Amino acid sequence: MNSISCADGQPMEAILERHPREEASLIQVLQDVHRAYNYLPCDVLVQVAEALDVPVAKVFSVATFYKAFSLDPQGKTIIKVCTGTACHIRGSGQVIEEITRQLGIGPGQTTSDMGFTLKTVNCVGACAMAPVLIVGDQVHGGVKPAKVAKALNQEGPRDAH
Amino acid sequence: MRIESKAQFDSAVRSAKKAAAGRKLDILVCCGTGCLANGSAKVAEAFAAEVEARGLAASVGLFTKKTGCHGFCERGPLVVLKPSGVLYTKVKPEHVPEILDKTVAKGEIITKLLYKNPATKKPVEQYTEIPFYKNQTRVAMRNIGQVDPTDLEDSLAHGAYAGLARALFHKTPEEVIAEVEVSGLRGRGGAGFITARKWRAARKAAGERKFVLCNGDEGDPGAFKDRSIMEGDPHAVLEGLAIGAYAVGAHEGFIYVRDEYPLAVVHLTLAMEQARQRGLLGKNILGTGFDFDVKLSRGGGAFVCGESSALMRSIEGKTGEPRQKYTHATDRGLFECPTVLNNVETWADVGAILEHGGPWFAAMGTEKSKGTKAFSLVGKVKNTGLIELPMGTTLRHIIYDIGGGILDDRPFKAVQTGGPSGGCLPESHLDSPVDYEKLTEAGSMMGSGGMIVMDDRTCMVDVARYFLSFLVEESCGKCTPCREGLKQLLIIYDDLVAGRGKAGDVARIERLAAGMQLGSLCELGKSAPNPVLSTLRYFREEYQAHIEQKACPAGICRDLTAYEIIPEDCNGCHACFRACPADAITGEPKKAHTIHQGRCIACGACYTACPTDAIRFFPKVALAAAASGQGGAS
Ligand SMILES: Cc1cc2nc3c(=O)[nH]c(=O)nc-3n(C[C@H](O)[C@H](O)[C@H](O)COP(=O)(O)O)c2cc1C
Ligand code: FES
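Keeping their order, the protein sequence lines are chains S and L. Here the first sequence stands for residues 91 to 251, numbered as in our numbering. Here the second sequence stands for residues 3 to 636, numbered as in our numbering.
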């Protein structure tokens, strides 16, 4: 169980080292695993269950309960559209439609080249700039459908190489 | 160096204040989330680089600070010069040399960067003179925007931990609780429970191991005050927790931070390390023998985890399902130990109350709701941002005097408070004072302080549907009334907005809502019908229009709405053509344009884009009527 290494070259062991080996660490461990792999691979979940001495079913129940976790591989760049109340009434629905038109994916989906995953979130706490779009780490405020292409492209070239 | 006595604390504060006073000028660059998105990090870098290159730090004592959110997010990036108080808005890196050349070197004001009062059209120099700021009273947010949240010395210079020192050196735990009781402080996270009562119960509860928790889940969409406090003044949260721990006899604490708030995690973590180094957290705090330390717990992105029993399960590493409340958390909470849970803002108030005294806090506010309250003012209002006001301020004052009125001067329709557990209040409530009781009476609630302003282009049936779809996703599914009730309600609302509403739908909605209020396990389900019931209470005619006329009066429900261009009013500016995402508009520049109904998706982008109001919307049923040769609209 110490043979698996994570995407950033960090062994699974290192993640487990950082937390006490008890049930209370489960969410924090899964968060670290998610950060390293960009999703929660099934075999790693089994390892986590063993390491923390928690039933596998319990690990899956936690992994599927929280929105922050994905059991499917995700695109290189995560696009988050805020659908919180402030963003909803300022037109976040139109932003999603425009992204779908441009990339051919709906919320929760990933482009076939694994470039982008589109997600919706319930408020990112930047409500004063609604509607808010986050591409990778870049936060865009006051987004109109016409500004979507530019926001996506900024990420595009950096991703290409 | 660790501070180990009252004398050492006083001298640490004195030297921090002296260092701050010794600087000629502080340049405060807002690095809150809003300003960061507008590029404030580059502005701060540019200041730091220019100050360095010109050697200004040493020669004139110039200091660039990255601060938390100044609140006026609409105008970011914001730069405040202290002590003069000049506020520059929408600052770009290229403005930096000019600011240093003119304002810093010669005291000249750069008018183009000043905020212009839209009412008087005059530029305003001092930020304290801007209506948005002038009308505020800041307690929980006292240091946000003033201090560098990554620098404990700066916080000490601004009074951080003075409340903790007063508690530990001058008061017994009972006296601390009494002080908080006098202040009248009630929970800022939703229900408004009396804080001192909670603390006293936990203090009296049996058990050696006790916890104090900070609820930083801030799940209400449209609210971001907790984010700004955790990011902009993390020491205020830590100070409050330490005081609370001392009062109830706890030695361990957790801060539960929402998944979407990574910067809050960074700043809190750093603040905890710095506080430990100076002996403000950890063993033997300030040399008094009191031990207390805090851990951070990151949420997993589930709304229900803001609920107290679910939050505790989540910290324990479990799924965040609420429990039936046979016992209070103050008796058996986290890990079955007596636990006090308070909201971020509640904790931030505690330090100020201990520093300035309970009576000072109680002098503000209304009879039953004391002190001040932070709100995020967002939606269709001119000045969106973060504000803090005495309880009892009227909605009209907040929306019109501070918020500057409705965006594009459109008519006001409603203001939503309390998130998915709250409701929408109509114009007739604009003059009612905002406090816990008044909001609840009106069918809404205080919640996390989100205030979402809505104009005539907001459909109240759609808003209710929006909250239902939010809650369907977020219901943990443990109890049937909440899980199934929400689903059934959403089905009815999907029909309403699609023109399939039937007679009897309103009665069905009310019956389902009553059942959920009665039978749900936790407050999520019990309060879930609030958005539905408040829109029915104040905007029933909109429901009738959807059901009887198959019309959406606000023109938002797409299946019910059509758009057309009024040829006489169209000057052919082509703006609608460019705005249309569906290629449904044709027309040559300078000539009247046309919308092709077959292709139009009724998104309303053209309506918003048109500068001459030449586009109108009307119920889609009129199209069918016209097609079948009975006349009506085009
Ligand atoms: C569904 C649900 C979500 C909640 N979300 C939050 C939240 O995000 N932040 C918060 O402080 N309180 C939230 N609460 C209220 C908490 O249960 C609790 O009452 C509060 O944190 C206590 O702190 P206070 O007394 O300082 O307000 C929520 C309650 C419910 C039922
Ligand atoms: S509602 Fe979108 S950021 Fe808050």
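Positions of the beta carbon are idealized from the N, C-alpha and C atoms, including for glycine. Treat the numbers as computed from the prediction; the structure is a model and nothing was measured.
- Restricting attention to beta strand (DSSP E) runs no shorter than 3 residues, the stretch 297–364 of chain L encloses them at 341–345, ordered along the chain.
- The DSSP-derived three-state label of residue 293/L is strand.
- Distances taken from the Cβ of residue 223/L to the heavy atoms of ligand 2 include one shorter than 7 Å.
- Residues of chain S whose Cβ lies closer than 8 Å to the Cβ of residue 346/L do not exist, since the nearest Cβ in that chain is about 12 Å away.
- Listed in chain order, the positions of the stretch 113–146 of chain S with a beta carbon within less than 9 Å of a beta carbon of chain L are 113, 114, 115, 116, 117, 118, 119, 120, 121, 142, 144.
- In this structure the stretch 328–343 of chain L touches the stretch 204–215 of chain L; the number of beta carbon pairs closer than 8 Å is three or more.
- Taking the beta carbon of residue 523/L as reference, no residue of chain S falls within 8 Å; the closest one sits roughly 16 Å away.
- Neighbours of residue 157/S across chain L, judged by C-beta separation under 8 Å: 261, 302, 303, 304.
- Put simply, the CB of residue 191/S is near chain L, with a gap under 8 Å to one of its CB atoms.
- The beta-bridge partner set that DSSP reports for residue 376/L consists of 390/L.
- With respect to the C-alpha of residue 218/S, the residue from 78/L, 119/L, 372/L having the closest C-alpha is 78/L.
- The continuous alpha helix (DSSP H) containing residue 117/S extends over residues 116–127.
- Unbroken alpha helix (DSSP H) stretches of 4 residues or longer found wholly inside the stretch 473–499 of chain L: 482–499, given in chain order.
- For residue 105/S, not one C-beta of chain L is nearer than 8 Å to its own C-beta.
- Rounded to the nearest whole angstrom, the C-alpha separation of residue 105/S and residue 205/S is 27 Å.
- Relative to the non-hydrogen atoms of ligand 2, the Cβ of residue 216/S comes within a distance shorter than 7 Å of at least one.
- Around the C-beta of residue 170/S, 16 or more other C-beta atoms lie within 10 Å, and the residue is accordingly described as buried.
- Proximity of the beta carbon of residue 306/L to ligand 1 is indicated: a heavy atom of the ligand is located closer than 7 Å.
- Not a single CB atom of chain S sits nearer than 8 Å to the CB of residue 518/L.
- Within 7 Å of the C-beta of residue 381/L there is not a single heavy atom belonging to ligand 2.
- Interface annotation, residue 160/S: not in contact with chain L, CB-CB separation never under 8 Å.
- Taken in chain order, the whole alpha helix (DSSP H) runs of length 4 or more contained in the stretch 185–227 of chain L are 197–206.
- Under the Cβ criterion of 8 Å, residue 321/L is counted among the residues facing chain S.
- Close to residue 202/S, with beta-carbon spacing below 7 Å, lies no residue of chain L; the smallest spacing is near 23 Å.
- The Cβ atoms of residue 81/L and residue 38/L lie no closer than 8 Å to each other.
- The stretch 119–129 of chain L makes contact with the stretch 83–93 of chain L: 3 or more CB pairs, one atom from each, lie closer than 8 Å.
- At least one heavy atom of ligand 2 falls within 7 Å of the beta-carbon of residue 220/S.
- Separation of residue 617/L and residue 570/L (C-alpha to C-alpha, rounded to the nearest whole angstrom) is 11 Å.
- Inter-segment contact for the stretch 488–500 of chain L and the stretch 458–478 of chain L is present: three or more beta-carbon pairs are separated by less than 8 Å.
- Comparing C-alpha distances from residue 182/S to each of 115/S, 119/S, 234/S, 111/S shows the shortest one belongs to 234/S.
- Across the stretch 208–226 of chain S, CB contacts with chain L closer than 7 Å involve 211, 212, 213, 214, 215, 216, 217, 218, 219, 220, in sequence order along the chain.
- Residue 172/S is a Cβ neighbour of residue 221/S, given a cutoff of 8 Å.
- Each residue's CA atom was taken as its position, placing residue 509/L and residue 619/L some 30 Å apart.
- Closer than 7 Å at the C-beta level to chain S, one finds these residues of the stretch 453–480 of chain L: 454, 456, 460, 468, 472.
- Closer than 7 Å to some heavy atom of ligand 1: that does not describe the Cβ of residue 243/S.
- Put simply, the CB of residue 229/L is near chain S, with a gap under 8 Å to one of its CB atoms.
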